[in-house]
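Taking it in order: structure first as structure tokens, then the write-up.
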Amino acid sequence: MTASTSSVITLHVNGEPRTLTVDHRTTLLDALREHLGLTGTKKGCDHGQCGACTVLLDGRRAVACLQLAVAAEGRAVTTIEGVAEDGRLHPVQEAFLELDGYQCGYCTPGQICSALAVLDEHAAGWPSAATADVRPEAGPPALTDDEIRERMSGNLCRCSAYPAIVRAVAQAAKAVSA
Ligand code: FES
Ligand code: FES
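Numbering (the numbering used here), first residue to last: 359 to 536.
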């Protein structure tokens with residue numbers, strides 16, 4: 359008997375159940391782009407090194423090129439297409455637009471998904487490698503430019519829009535905490 363090389367899976371993408379048949383080797387990135395037509399999530403390196411394919415999996419960031427689609431079965435996937443709500447941009451998206459946090463825009467969906475997670479991780483009090491004092495009693499670190507750079511360091515930008523990206527994340531952090 360020959361083992362099947364594909365499976366029917368259901369992904370919960372941007373709040374909607376999406377059922378599809380995928381080869382077991384299909385990455386989440388290819389499932390999103392090629393099977394579901396959600397091309398907002400970009401393929402840069404396809405090796406987990408650039409962050410262009412960053413999505414949120416159950417609210418935490420993940421590089422979709424290193425995740426098998428079958429392993430995401432039943433999990434909540436948020437892509438850039440699902441970040442705005444009721445036609446209103448998220449404050450992170452508004453900040454990137456307002457402060458020119460991009461040039462060609464290819465890395466931007468991944469940058470924005472990563473920034474969303476950064477704000478959540480920081481609000482939850484998670485330290486980063488840039489946090490000087492990680493003792494629990496020290497409390498959450500201020501979201502300084504160095505903290506933002508470190509926390510966003512998994513997302514590369516070939517256009518080097520980094521200064522504006524840092525400004526955009528800082529502005530969005532103020533907006534969501536206001
Ligand atoms: S395309 Fe996934 S990390 Fe580069
Ligand atoms: S804006 Fe062009 S790669 Fe980042």
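Ideal placement from N, C-alpha and C gives every residue a C-beta, glycine not left out.
Notebook entry, point to check: Taking one C-beta from the segment 430 to 438 and one from the segment 497 to 513 each time, how about it: are there three or more such pairs within less than 8 Å?
Noted result: no
Note to self: Can you tell me whether A522 is buried or exposed? The criterion is at least 16 other CB atoms within 10 Å of its CB, across all chains shown.
What the structure shows: As a first step, residue 522 is located in the sequence shown; it is residue number 164 there, counting from the start. A522 should be labelled buried.
Next item on the list: Taking only heavy atoms of ligand 1 into account, decide whether any of them is closer than 6 Å to the Cβ of G459.
Entry: Here the question's residue 459 lines up with position 101 in the sequence shown. Because no heavy atom of ligand 1 lies under 6 Å away, the Cβ of G459 does not count as near it: no.
Notebook entry, point to check: Would you report the Cα separation of S365 and H393, rounded to the nearest angstrom?
Noted result: As a working note, residue 365 is residue 7 in the sequence shown. As a working note, residue 393 is residue 35 in the sequence shown. When rounded, the distance between both Cα atoms is 13 Å.
Check: Can the beta-carbon of E452 be found less than 7 Å from the beta-carbon of L396?
Finding: Translated into positions along the sequence shown, residue 452 becomes position 94. Translated into positions along the sequence shown, residue 396 becomes position 38. Not a contact, by the Cβ cut-off of 7 Å.
Item checked: Whole-number beta carbon distance between A531 and G459, since they are thought to touch under 8 Å -> Looking up residue 459 in the sequence shown gives position 101. Looking up residue 531 in the sequence shown gives position 173. With a Cβ gap of about 13 Å, G459 and A531 do not count as contacting.
Note to self: Could you check whether the Cβ of K532 sits closer than 6 Å to any heavy atom belonging to ligand 1?
What the structure shows: What you label residue 532 is simply residue 174 of the sequence shown in a count that begins at 1. K532 Cβ: outside cutoff for every heavy atom of ligand 1.
Note to self: Would you say the beta carbon of C471 is closer than 6 Å to some non-hydrogen atom of ligand 1?
What the structure shows: By 1-based counting over the sequence shown, the position of residue 471 is 113. No, ligand 1 has no heavy atom inside 6 Å of this Cβ.
Check: Just how far apart, CA to CA, sit P485 and V371?
Finding: Numbered from 1 along the sequence shown, position 127 holds the residue referred to as residue 485. Numbered from 1 along the sequence shown, position 13 holds the residue referred to as residue 371. One C-alpha to the other measures close to 29 Å.
Next item on the list: Taking all protein chains shown into account, decide if K448 is buried (16 or more other Cβ within 10 angstroms of its Cβ) or exposed.
Entry: Stepping through the sequence shown from its first residue, residue 448 is reached at position 90. The residue you asked about is not Lys; residue 448 is His in the sequence shown. The residue is buried, with at least 16 neighbouring Cβ atoms inside 10 Å.
Notebook entry, point to check: Grouping DSSP H, G and I as helix and E and B as strand, with all else coil, what is D444?
Noted result: Taking the sequence shown and counting its residues from 1, the one referred to as residue 444 is at position 86. Three-state result, D444: coil.
Margin query: Do A434 and L387 have their beta-carbon atoms positioned less than 7 Å apart in this structure?
Written below: Here the question's residue 387 lines up with position 29 in the sequence shown. Here the question's residue 434 lines up with position 76 in the sequence shown. Not a contact, by the Cβ cut-off of 7 Å.
Notebook entry, point to check: According to the neighbour-count rule (16 or more other Cβ atoms, all chains shown, within 10 Å of its Cβ), is S518 buried or exposed?
Noted result: Indexing the sequence shown from 1 puts residue 518 at position 160. So S518 counts as exposed.
Checklist line | One or two residues paired with V358 in a DSSP bridge | finding: Because the chain here runs from 359 to 536, residue 358 falls outside it and cannot be looked at.
Note to self: I want to check one thing, is the minimum distance from the CB of A453 to the heavy atoms of ligand 2 below 6 Å?
What the structure shows: Position 95 of the sequence shown, counted from the first residue, corresponds to residue 453. Every heavy atom of ligand 2 is 6 Å or more from the Cβ of A453, so no.
Check: Assuming L424 and G409 make a contact with CB atoms under 8 Å, what is their CB distance in whole Å?
Finding: The residue you call residue 424 lines up with position 66 of the sequence shown. The residue you call residue 409 lines up with position 51 of the sequence shown. The pair is not a contact, with the Cβ atoms about 11 Å apart (cut-off 8 Å).
Notebook entry, point to check: If we ignore side chains and look at the alpha-carbon of each, how far apart do A473 and C403 end up?
Noted result: On the sequence shown, position 115 is the one that residue 473 refers to. On the sequence shown, position 45 is the one that residue 403 refers to. Those two C-alpha atoms are separated by around 20 Å.
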